[in-house]
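Protein chains: 2
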Amino acid sequence: MAETDLAGRVDDRREQLLAAADRVVRREGSAAAMNVIAAEAGITKPILYRHFGDKGGLYRALAERHINDLLLRLRAALTTRGGLRARTRATVDAYLASIEEEPQVYRFLVERAAVEEPGVRGQVEGFVRRFGEELAAGIRSEPELAAGPAAVDPGRAVVWAHAIAGMVQAAGDWWLDHPEVPRQSVVDELTALLWDGFSGTATDASTRQGLR
Amino acid sequence: MAETDLAGRVDDRREQLLAAADRVVRREGSAAAMNVIAAEAGITKPILYRHFGDKGGLYRALAERHINDLLLRLRAALTTRGGLRARTRATVDAYLASIEEEPQVYRFLVERAAVEEPGVRGQVEGFVRRFGEELAAGIRSEPELAAGPAAVDPGRAVVWAHAIAGMVQAAGDWWLDHPEVPRQSVVDELTALLWDGFSGTATDASTRQGLR
DNA sequence: ACATCCTGTTACCGCGGGTAACACCATGGT
DNA sequence: ACCATGGTGTTACCCGCGGTAACAGGATGT
C-alpha cells in the first residue's frame, strides 16, 4: 500500500516533468535545452537528471509515450473489420492523421530517432523501426497474407514491414511540407501503390511488351 | 587564366579539407568535432570556418558530394536497358549495394539529414528527399508509366517517388542491422512489393472473399 | 532526538561551436 | 622601393549546454 503510494507519487512527478518537457518540445522543437525544460517545470536541472539520468533518458521517455499513443491508433486501424485493402487504407490514414494533428511531436520523434545514440548498434530502436516491428507482427497475423498455401514468407514479412513503415513515414514527411495536397489523395496513392504496385499501372497503361 | 588558377587552388583546398573531414567522419562517425577535423587536415578551426561558414556548411558540402555519387549510381541503374521491372530491381540493388559498401557514409547522410537545420522548413532537402525527387523525375519520364491513356497521374508520381525512396531507405537501414540476410533476398522482396503489392500475394494466397 | 529520503538549490566543470585579433607571406600596382 | 590586398595560419577567448558536486531544508518514521 505504502509502495503503491510511493510509486504513484513518483510516477506523478515523472508525468508532470514529462508534461513540461512535452510543452517545451512542442513550442521550441527537439533542440530544447534541459535548462529550459527545467524552467518550464518550475525547477532546475539536477532534478531532471535525478529522474531521467541524462538527456537521452528524458527524450526516450517522452518519445516512448508518444510512440505508444501512435501505435495504439495504428493497431486499432490494423484490426478494424473489413478486407485487407480497407485495413491497409485505414492504417495509412491513421498514420497521416496522427502526424497532421501534431507535426511538432512527429518531428521530435523522427529527429530524436536519428540522433539518439549514434554509437550503439542494435539498441537504437528508432521510431520507424518500432513502427516496422509493429507492422511485421500485423502482417504475420494477417489472415489474408499469412494463411493459405502461398502464405507470405516470414522473411518477406519483416522486410515488407520495415519497407512499408519507411514508405509511409517518408511520404508523410513530404506531405507535411506540401499541405496543399489533401490527405485523402496521399492515402489513395499509397494504398494503390501498396496494393497493386507498378504492375497495376504499367500493365494498364502500356502494352505488355516483355514486362515481367 | 589567373582566375581559373585561383579558383583551381581554392577548390583544391576545399577538396583537401573535405577529404580530411571525410576521413574523420568515416573513422569516428557523424559526431566528429570541428577540432578533430581541423587536426586531421593539419590546421586549426578558424580555417575550416573561413571555408565553410559553420559546421552545417561543412557537413552539407560533404553530404552533397556523397549524395551526388549515390545519385549517379542510381541514375545509371534507372536507365539501364530492360523492362521497368528489371530497372526497378537494378535501382533497388544499386542503392543497397551503395550503403553496404560504405555504411559509415550512409549513416552520416541519414543522421545529418535529420538534424541539419531543425528550424528551416522547406529548405532542409534531406537525403531521402533528394532521393525522392530523383525518383519522381525518373517516374515522370518512365515510358511504361508515363505514356498511354492510363498514364500515371503527376500527383501520384511525386507521392510514389517519395514513398519509394523512404521504403528503400528504411528497408536498407533495417538490413544493415541484419547482415545475415543476403542482399539478393532483400532486393527480391522489395521488388516484389513494388511490382505486385499485396494483391500479388493476397489473391494468390487466400480466397477472394470480398477483397477490393 | 536523530537517521533517512525526497525536493530543491547554487556553483561549478568540460566540451564543442564559433569568433576576434593578430602574424606571416605572396602578389602586384604605382 | 613601398605598401595595399588577400590569402594562410595562429592563439586565445566567449558562450551555451550537458552533466555533476555539494550543500540546505523539510517531511517521515523510530
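Chains A and B, in that order, are what the protein sequence lines are.
Per the working numbering, the first sequence starts with residue 890, numbered consecutively.
Per the working numbering, the second sequence starts with residue 890, numbered consecutively.
Heads up, the beta-carbon is just placed ideally off N, CA and C, and yes, glycines get one too.
Starting from the Cα of residue i, find the closest Cα among the options and give me that residue.
{"i": "Pro1068 of chain B", "options": "B:Ser1030, B:Ile936, B:Pro992, B:Gly946", "result": "B:Pro992"}
{"i": "Ala1059 of chain A", "options": "B:Glu1031, B:Glu1022, B:Glu1078, B:Val1070", "result": "B:Glu1022"}
{"i": "Glu1033 of chain A", "options": "A:Glu929, A:Gly931, A:Leu967, A:Leu947", "result": "A:Leu967"}
{"i": "Gly931 of chain A", "options": "A:Gly942, A:Pro1071, A:Ala908, A:Val1041", "result": "A:Ala908"}
{"i": "Met869 of chain B", "options": "B:Leu985, B:Leu937, B:Leu973", "result": "This structure leaves residue 869 of chain B out entirely; chain B is present only between 890 and 1101."}
{"i": "Ala1081 of chain A", "options": "A:Asn924, A:Glu904, A:Gly946, A:Asp982", "result": "A:Asp982"}
{"i": "Leu947 of chain A", "options": "A:Val1070, A:Ala1050, A:Ala910", "result": "A:Ala910"}
{"i": "Leu1079 of chain A", "options": "B:Trp1063, B:Ala1052, B:Asp1042", "result": "B:Ala1052"}
{"i": "Arg903 of chain A", "options": "A:Leu960, A:Thr933, A:Leu937", "result": "A:Leu937"}
{"i": "Lys944 of chain A", "options": "A:Leu1024, A:Ile956, A:Leu906, A:Asp958", "result": "A:Leu906"}
{"i": "Asp901 of chain B", "options": "B:Val913, B:His940, B:Met923, B:Lys934", "result": "B:His940"}
{"i": "Arg1001 of chain B", "options": "B:Ser1030, B:Leu951, B:Arg970", "result": "B:Leu951"}
{"i": "Val999 of chain A", "options": "B:Gly1015, B:Ile988, B:Glu989, B:Ser987", "result": "B:Gly1015"}
{"i": "Arg912 of chain B", "options": "B:Gly942, B:His955, B:Arg978", "result": "B:His955"}
{"i": "Ile839 of chain A", "options": "A:Ala928, A:Asp958, A:Met923, A:Val1041", "result": "It is not possible to answer for residue 839 of chain A, since the shown part of chain A is limited to 890 through 1101."}
{"i": "Arg964 of chain B", "options": "B:Val914, B:Arg949, B:Ile926, B:Arg1019", "result": "B:Arg1019"}
{"i": "Arg978 of chain A", "options": "A:Val914, A:Arg1045, A:Ser1074", "result": "A:Ser1074"}
{"i": "Ile971 of chain B", "options": "B:Trp1064, B:Glu1031, B:Met923", "result": "Position check: residue 971 of chain B holds Gly in this sequence, whereas Ile was assumed. Cα-wise, what sits closest to Gly971 of chain B is B:Glu1031."}
{"i": "Val1076 of chain B", "options": "B:Pro935, B:Ser987, B:Asp958", "result": "B:Ser987"}
{"i": "Arg1045 of chain B", "options": "B:Asp1062, B:Trp1063, B:Ala1025", "result": "B:Ala1025"}
Starting from residue i, trace the alpha helix (DSSP H) both ways and give me its first and last residue.
{"i": "Ile926 of chain A", "result": "923-929"}
{"i": "Ser987 of chain B", "result": "973-990"}
{"i": "Asp943 of chain B", "result": "Per DSSP, Asp943 of chain B belongs to no alpha helix (DSSP H) and is neither H nor E."}
Next on the checklist: With three or more beta-carbon pairs closer than 8 Å as the criterion, would you say the stretch 905-919 of chain A touches the stretch 980-998 of chain A?
Outcome noted: yes
Restricting to runs no shorter than 3 residues, where is the beta strand (DSSP E) found entirely within the stretch 1013-1072 of chain A? none
| Name the residues in the stretch 902-930 of chain B whose C-beta lies less than 7 Å from a C-beta of chain A; which are they? | Gly918, Ser919, Ala920
So if I threshold CB-CB distances at 8 Å, which residues from the stretch 1069-1091 of chain A count as touching chain B? Val1070, Ser1074, Val1075, Glu1078, Leu1079, Ala1081, Leu1082, Leu1083, Trp1084, Asp1085, Gly1086, Phe1087, Ser1088, Gly1089, Thr1090, Ala1091
ask   = Quick one, which residues of the stretch 962-974 of chain B are near chain A if we go by CB-CB under 8 Å, in chain order?
value = Gly972, Leu973, Arg974
- Task: Determine which residues of the stretch 940-952 of chain A have a Cβ less than 8 Å from any Cβ of chain B, and write them out in chain order.
- Result: none
Short-range partners of chain A found in the stretch 1050-1062 of chain B, where Cβ spacing is below 8 Å: His1051, Ala1052, Ile1053, Ala1054, Gly1055, Met1056, Val1057, Gln1058, Ala1059, Ala1060, Asp1062
Closer than 8 Å, Cβ to any Cβ of chain B: which residues of the stretch 1015-1027 of chain A, in chain order? Val1017, Arg1018, Gly1021
Handout entry: Interfacial residues, the stretch 976-987 of chain B to chain A, with Cβ spacing under 9 Å
Key = Thr977
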